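What follows is a single structure, written as structure tokens, with notes after it.
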Amino acid sequence: MSSLQQDKDLLIQNYRVRGLIKDEIAFKAFKEVPREKFLPKNFQSSAYSDHPLPLMNTGQTISAPHMTIMILEYLELSPGLKVLEVGAGSGYQAALMAAAITSDKKTGHVYSLEIVPELVGFAQKNVEETGYDDRVTIISGDGTLGYEAASPYDRIILTAAGPELPPPLFKQLEIGGILVMPVGTPRMWQVMTRFRKNSKTEFSKEVLSSVAFVPLRGQYGI
Ligand code: SAH
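Note that this note's numbering has the sequence shown beginning at 7, numbered continuously upward.
Spelled out as structure tokens, the structure:
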């Protein structure tokens, strides 16, 4: 067994013992997607150390493995759903979500928006090389405006921290859908928040955990 595989198995065992993650769909997706293939070459050997890693010199980071799996759980993913991600970065979270919304019978789709041109190309290359490009579409642009063409979405995830729920994203969320985002000031702790859309104009809100994400840019960013 390769040492990367051993590191990955240890990490999974550790999450199970600590009871940190309970969702089996999330575990299955984490097992399936090779995180190392979404990292710059010089960081591939640290793929299963549980911390965030830098994405080249862009100032952006790929989240720690436990956070990427917890996001799957927070989103209550199931096969067949349509998901929008703001902040494609490496494309890893998009691939994880694509794995989680695919079963033998049902295939969902992930649309992932990225504002940094270099990362649009990086994410695209990574999803192609790992074979997730049939279920993941990487799009260049300001994610706070959403992606109307494929809306409405069952789930929306923001992987960058913003001051409030961007109105276009609320509009593009299906009624009954879930949006998860880190809300708060950048470079400090933020509050991972889950919004459920109850009607065209109403939502309920739950606080999930304390997190540290890079700032959300764009029109409704910081
Ligand atoms: N989900 C990524 C990591 C995200 S880091 C992964 O799995 O690797 C946050 C990303 O959000 C960065 O790549 C950053 O450039 C992007 N971002 C920040 N503001 C954005 C916006 N308004 N629209 C789209 N992408 C944005």
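By construction, the Cβ of each residue, glycine as well, lies at the ideal position given by its N, Cα and C atoms. What you are looking at is a predicted structure, and each value in this text was computed from that prediction instead of being measured.
Item, Value
"Unbroken stretches of the alpha helix (DSSP H), 4 residues or longer, contained in the segment 40–90", "71–80"
"contact_flag[the segment 129–140, the segment 80–87] where n(CB pairs < 8 Å) is 3 or more", "no"
"Closest Cα partner of M187 within the set F219, K206 and S205", "F219"
"For Q11, the three-state DSSP class (helix, strand or coil)", "helix"
"Check: P221 C-beta below 8 Å from any heavy atom of the ligand SAH", "yes"
"8 Å CB neighbourhood of K34 in its chain, flanking five on each side removed", "A105 and A106"
"Meets three-Cβ-pair contact criterion under 8 Å: the segment 184–199 and the segment 157–167", "yes"
"For S118 and T199, the rounded distance between their alpha carbons", "19 Å"
"Burial state of I75 (16 or more Cβ within 10 Å)", "buried"
"For M194, the three-state DSSP class (helix, strand or coil)", "coil"
"Identified DSSP bridge partners for I145", "L119"
"Any non-hydrogen atom of the ligand SAH within 8 Å of A94 CB", "yes"
"Residues that DSSP places opposite E212 in a beta bridge", "R200"
"Cross-strand partners of T108 (DSSP beta bridge)", "T113"
"Host alpha helix (DSSP H) of I228 (start-end)", "Run containing I228: none; DSSP gives neither H nor E here."
"Contact under 9 Å by Cβ, G97 with Q66", "no"
"Beta-carbon proximity check, E82 vs K28, cutoff 9 Å", "no"
"For G97, the three-state DSSP class (helix, strand or coil)", "coil"
"DSSP-derived helix/strand/coil call for A166", "coil"
"Under the three-state DSSP convention, the category P174 falls into", "helix"
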